[in-house]
Every structure is written in structure tokens, then in C-alpha cells.
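Numbering (the working numbering), first residue to last: 5 to 196.
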């Protein structure tokens, strides 16, 4: 069944006619496709071969002792099926987003690296998160040295810093900004 189907959870009896559940678990774990598939061992309470540490070392996420209570079994299996479905959905979405993201990231990097204008991006605390080569040449800082540093401390003259902090605070509180989307001319400082 595992060769032909994608499964959410494996119910594995420890003692089967002609088969040892622990050996089957080792075989399952040896396959890449089922390496992380949850296994619930089923065991008779008096099974002298069953040890909890060994079961967990073979990838068991749980075990049930016979006689099996149907409601408990259904609840556990339903949980792992739902978990599997969500993981599959996230995997599909993540793959699609990664594909889009890689294209988008490559385009962004190309624009930033070749732009003749300075491009400096900051986060909500005014820390630098992007500093392109034109900004390096203009301000005399290396990107590696300024990432995570406060923008106002590096390139703003002291008398502009308070105005900048007030503007960022207002933007974060109201979404309104006086300078975003506008071309302004302002004095800035170089590293020297």
C-alpha cells in the first residue's frame, strides 16, 4: 500500500502472522517518502516484546493497547489526517510562493544592484534593511556595516532626527505620511 499510495498515518500492529511490526517500521523509516509519516503502534498489553522507548525510536508518535477503543482510534487517526492535509496544503502553497518569490527576489536584486540612485530601505524602527551600491558610493558606508543600524544616526544631521522619528511614529499609528511618495530635497551626511 505504501508503494502505491500517499498516506497520512500508519497503524502498525507489533505482532502479525509472519511479520514483526518493529522490522516493518524500520523498513518504512528507510524509505524517503515515509521517513516522517506518523506511525501508531497497536499492541496487546501483555506483548513482552513491546517497549515504549523502542517504539518511539522507530518513529512511533503514539501507541494503542488492545482491545482498541474505537472512539480513541478514530480521534487519533482523524487528527493525523487533518495534520497531513494541512501540511500538504502548506507544501503546495510554499512551492508556488517560492517559485514566485525567487523570480521576484531576482528581479528586486537586479534593480537594487544596478540602480544609479541610492536606495535605502528601513523597517518600522528605522533600522536599515537594504542599502544598494549607489548608496554605498554616495554615503561611504559598506552595506554589511549598516544593515540593522538606525538610519537617522548614520546619514541624518542631528536637527532632522527628531522630525524623522515623529514622522515614523505618526505613520505607524495612522498610516499617514508627509514624505512618502514625494520627491524632497534634504541634506544628508556621509560616513566622513
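We treat Cβ as the ideally placed atom computed from N, Cα and C, and that holds for glycine. These figures come from a predicted structure and were not determined experimentally.
With distance defined between alpha-carbon atoms, name the residue in the options nearest to residue i.
i: residue 64; options: 86, 99, 26 and 104; result: 26
i: residue 41; options: 66, 55 and 185; result: 66
i: residue 171; options: 147, 129 and 189; result: 129
i: residue 20; options: 77, 154 and 45; result: 45
i: residue 143; options: 134, 151, 163 and 122; result: 122
i: residue 61; options: 30, 35, 94 and 9; result: 30
i: residue 196; options: 141, 175, 152 and 37; result: 141
i: residue 185; options: 193, 175 and 192; result: 175
i: residue 32; options: 6, 183 and 127; result: 6
i: residue 89; options: 194, 12 and 189; result: 12
i: residue 192; options: 177, 182, 104 and 165; result: 165
i: residue 58; options: 182, 18, 36 and 86; result: 18
i: residue 152; options: 168, 133, 162 and 167; result: 133
i: residue 168; options: 103, 35, 75 and 131; result: 131
i: residue 77; options: 35, 188, 43 and 96; result: 43
Using 10 angstroms around the beta-carbon of residue i, count the other beta-carbons present and answer buried if the total reaches 16, otherwise exposed.
i: residue 145; result: buried
i: residue 120; result: exposed
i: residue 136; result: buried
i: residue 139; result: buried
i: residue 150; result: buried
i: residue 82; result: exposed
i: residue 47; result: buried
i: residue 38; result: buried
i: residue 16; result: buried
i: residue 79; result: exposed
i: residue 115; result: exposed
i: residue 190; result: exposed
i: residue 14; result: buried
i: residue 124; result: buried
What would DSSP say about residue i, mapped onto helix, strand or coil?
i: residue 133; result: strand
i: residue 23; result: strand
i: residue 64; result: strand
i: residue 70; result: strand
i: residue 17; result: strand
i: residue 46; result: strand
i: residue 161; result: coil
Segment contact, 8 Å Cβ cut-off, at least three pairs: the stretch 106–118 with the stretch 153–161: Here the stretch 106–118 does not lie against the stretch 153–161, with fewer than 3 beta-carbon pairs under 8 Å apart.
Contiguous alpha helix (DSSP H) assignments of at least 4 residues, all confined to the stretch 82–150: Qualifying alpha helix (DSSP H) stretches, in chain order: 137–143 and 147–150.
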